[in-house]
Structures are given as structure tokens and as C-alpha cells.
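A.B. asks: Numbering (our numbering), first residue to last: 49 to 281.
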Ligand code: FPP
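1) Should residue 69 be counted as a contact of the ligand FPP given a C-beta to heavy atom distance under 8 Å?
2) Where does the unbroken beta strand (DSSP E) through residue 74 begin, and where does it stop?
3) What separation, rounded to the nearest whole angstrom, lies between the Cα atoms of residue 160 and residue 116?
4) Should residue 264 go down as buried or exposed, given a rule of 16 or more other Cβ atoms within 10 Å for buried?
5) Any heavy atom of the ligand FPP within a distance shorter than 8 Å of the CB on residue 90?
6) For residue 237, report the span of its beta strand (DSSP E) as first-last.
7) Cα separation between residue 51 and residue 136?
8) Going by the DSSP bridge assignment, what does residue 220 pair with across the sheet?
9) I want to check one thing, is the minimum distance from the CB of residue 118 to the heavy atoms of the ligand FPP below 8 Å?
10) Could you check whether the Cβ of residue 113 sits closer than 8 Å to any heavy atom belonging to the ligand FPP?
11) Let me make sure I understand the geometry here. Which of 215, 175, 190, 193 has the alpha-carbon closest to that of residue 202?
12) Using a Cβ-Cβ cut-off of 8 Å (strictly less than) and excluding sequence neighbours within five positions of residue 124, which residues of its own chain qualify?
13) Could you compute how far the alpha carbon of residue 145 sits from the alpha carbon of residue 56?
14) Considering residue 112, what are the terminal residues of the beta strand (DSSP E) in which it resides?
15) Which residues in the same chain as residue 220 place their Cβ atom closer than 8 Å to its Cβ, once the five residues preceding and following it in sequence are excluded?
16) Quick check on DSSP: helix, strand or coil for residue 166?
17) Give me, in chain order, the residues of the same chain whose beta-carbon lies closer than 8 Å to that of residue 243; leave out the 5 immediate sequence neighbours on both sides.
18) Compute the beta-carbon to beta-carbon distance between residue 151 and residue 190, rounded to the nearest angstrom, for a pair I have assumed lies under 8 Å.
19) Would DSSP call residue 272 helix, strand or coil?
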């Protein structure tokens, strides 16, 4: 039987969020096309999922594709979308690691949403195929932008203002794409950029922040452990 996402309790363990930056530069340094960097990024994401899950991370949330990324060259966008399909198709591996798939982003039927139907199908299928797993939740942010998410939550609160519900922290939280997820404990950004780039602005309010010079395809277990160690400082 396939259980709905919220029927399984949220796993214990910290919530780690990753801004997977530097795929393009990783490829350039090797004389490869940018797409090769994204391919290596997807492969490393699969490795980081295994590492995080083995370390007892409860939630791993990754910035897969932002609302701003649509302006990239068409061929690059197509390639990144195909990699999402590849990631969501890693069902055997995800199930072997007891990992449950989740997604946050602009709802498919809302104005401005651009997720193509093949990615929608891949997301829905992966959620269904991993729904009974009780370990780490891997959330992919796709067509995601934090300001759009917060604006939508504020608009929903305002349009509800005739009811008795006050506009409170809890009211906003309950209208976020990530309403059922805990706050982020640690955010990691690769590739030497020290910016947050419109990622989970509400959810990282109290998070530790780990910036590294390494590109995303090179983020390994040693570096991931160094980031996790921040949680104990
Ligand atoms: C940043 O690298 C990365 C992205 C815009 C897309 C993230 C996509 C992946 C890591 C591929 C796999 C992920 C999933 C969820 C399937 P960049 O192109 O901005 O690198 P640059 O700053 O060096 O140019």
C-alpha cells in the first residue's frame, strides 16, 4: 500500500540544505562543456544522498532548479531537466537507502509555473515509489524561489483575513511549500560563493552556514563531515 507523504513521521536527524553551485566551472577547468559539469553534479548528488543518509541526516534539501534558472540557454536547461528525470529515476538506489523523495516549488497548476509535464511525472512517480520509506527525506527544490514562496504565503494569509485566524508565524509557516518540513539546521554552498541566492529564506532563519571553495561535483564525505561538525559548535 502506498501511504501519503504525511502519514509517515518526519525522520529524526538534522535538516541539511545544499546550494549545489559550481558545476559549470568544474567542467570549464577540465575543458568540458557545462552540461558535463551538471552530469557530474547529478552523480555527486547521488553520492551525497548515500553519505547523508549514512550519517543520520533526517532531511536533505537540494536546490535543483530555481525560478531564475529558466533564462539559461535552452540546451543547458533541457540537459538539467533530463538530469532531474535521471535522479528521480534512481528508485532502486533510493529504496535501498530507505530514502523518501519530496519536492518543493511553484505548484504545477499556478500562474507562472513552468515545470514540463515529463518532469512533473517523474516527480510524482518518485514520490509514489519511495512513499513507504522511513529514513532520510530527500527534497528537491525545482522551479523554486523563496520570495515567490513567501509572497504566495502572505497572499494566502491576507485573503484569509476575514476569518478568525491571525496572521502569525504559524499561519505563514503553514502556507509554505515546505510547511511539513522542519527548519533547516545547516546550509552548505559550494564553489566559493557566499550568497544564499533566494533559497529557503524563511526556513534557514537559525541555520548554521557552511561555505566551501569546492565545486559541487567535488563535495565528498570529508567535506560533508566538516560541514556537519558545525552543528556541534
Ligand atoms: C549550479 O551550477 C547548478 C545548477 C544551476 C543546477 C543544479 C543541478 C545539478 C547539480 C544537477 C543535478 C541535480 C539534480 C537535482 C538533478 P552552475 O551552472 O551555476 O555552475 P557555475 O556557477 O560554475 O557556472
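A virtual CB, placed ideally from N, CA and C, is assigned to each residue, including glycine.
C.D. replies: On the basis of the supplied data:
1) yes
2) Here residue 74 belongs to no beta strand (DSSP E); instead the alpha helix (DSSP H) covers 71-77.
3) 12 Å
4) buried
5) yes
6) 234-237
7) Because residue 51 carries a pLDDT of 37, less than 50, the predicted location of this residue cannot be relied on, and the following value inherits that uncertainty. Each residue's Cα considered, the two are about 18 Å apart.
8) Looking at the DSSP assignment, residue 220 forms no beta bridge with any residue, so it has no partner.
9) no
10) yes
11) 215
12) 82, 83, 86
13) 16 Å
14) 107-114
15) 198, 201, 202, 205, 250
16) helix
17) 237
18) 6 Å
19) helix
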